[in-house]
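Notes to accompany the following structure.
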Amino acid sequence: MDYYRVKIGDVERDLPLCRLNDELKIAAFVVIGDAELTEACAKELLKVAPEYDYILTAEAKGIPIAHEMARLTGARTYMVARKAPKLYMTEVFEVNVRSITTERDQKLYLDKADADAMNGKRVLIVDDVISTGESLAALEKLVNAAGGIICGKAAVLAEGDAQGRSDIIYLEKLPIFTKDGTPIE
Numbered sequence: 000m001d002y003y004r005v006k007i008g009d010v011e012r013d014l015p016l017c018r019l020n021d022e023l024k025i026a027a028f029v030v031i032g033d034a035e036l037t038e039a040c041a042k043e044l045l046k047v048a049p050e051y052d053y054i055l056t057a058e059a060k061g062i063p064i065a066h067e068m069a070r071l072t073g074a075r076t077y078m079v080a081r082k083a084p085k086l087y088m089t090e091v092f093e094v095n096v097r098s099i100t101t102e103r104d105q106k107l108y109l110d111k112a113d114a115d116a117m118n119g120k121r122v123l124i125v126d127d128v129i130s131t132g133e134s135l136a137a138l139e140k141l142v143n144a145a146g147g148i149i150c151g152k153a154a155v156l157a158e159g160d161a162q163g164r165s166d167i168i169y170l171e172k173l174p175i176f177t178k179d180g181t182p183i184e
């Protein structure tokens, strides 16, 4: 198997290359279960993040990063856009999303209590990897529907075309790869 090495802060990881389609591969960046990597991602993102009142992330891979950022800053809450509505959620906000790493359309849901809290507040959107920007756009729609003010959009890695975006903050570039594992610049 081919790998691509990334370094976040002082932490290095070899990311396995996974087949996206017949022509392309992407590097799998997974922080879930890797406390050392999660801590490094949170610390480094906090160094470049604008001032904010709340963090919003999408379920699931952004959760540990948002949690650690909240813990490091002493914040009591962060918000998660869920992939399915939960019984405790009321008057749910909903948007459609199609991520590069999922085979089908999905929805993201935000509870009214979270929406009410972010109304008029500065919201930092946090994700692990921004690639096509579809997940990011869905989170933006949720913040706007809630009346929040998007003060920044941050990710650990920017993949492919996302590297050229001027509206996002990211720590490192992540190339997309040919089917034989050669990085596409």
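Numbering-wise (numbering that gives the first Met the number 0), the sequence shown opens with residue 0 and increments by one. Here a beta-carbon is modelled for each residue, glycine too, at the ideal position from N, C-alpha and C.
Looking at the DSSP output, Gly151 sits in a beta bridge with Leu123. Contact between the stretch 147-159 and the stretch 81-96 is not established, with fewer than three Cβ pairs separated by less than 8 Å. Non-local beta-carbon contacts of Asp13 in its own chain, meaning distances under 6 Å to residues more than five positions away in sequence, involve Tyr2, Arg4 in chain order.
Residue range 10-18 is occupied by the beta strand (DSSP E) that includes Leu14.
The stretch 133-143 makes no contact with the stretch 30-47, as fewer than three CB pairs between them are under 8 Å.
Runs of the alpha helix (DSSP H) lying entirely within the stretch 27-67 and spanning at least 4 residues, in chain order: 34-47. Within its own chain, the residues whose Cβ lies closer than 8 Å to the Cβ of Ala27, once the five positions on either side in sequence are excluded, are Leu14, Pro15, Leu16, Cys17, listed in chain order.
Taking the CA atoms as reference points, Leu156 sits about 22 Å from Asp179.
Non-local beta-carbon contacts of Val10 in its own chain, meaning distances under 6 Å to residues more than five positions away in sequence, involve Glu35, Leu36, Ala39 in chain order.
In the three-state scheme derived from DSSP, where H, G and I count as helix and E and B as strand, Arg75 is classed as coil. Ranked by Cα distance from Lys6, the options Pro182, Ile183, Leu173 are led by Leu173. Cα atoms of Tyr108 and Asn118: separation of roughly 16 Å, rounded to the nearest angstrom.
Taking the CA atoms as reference points, Gly8 sits about 35 Å from Ala112.
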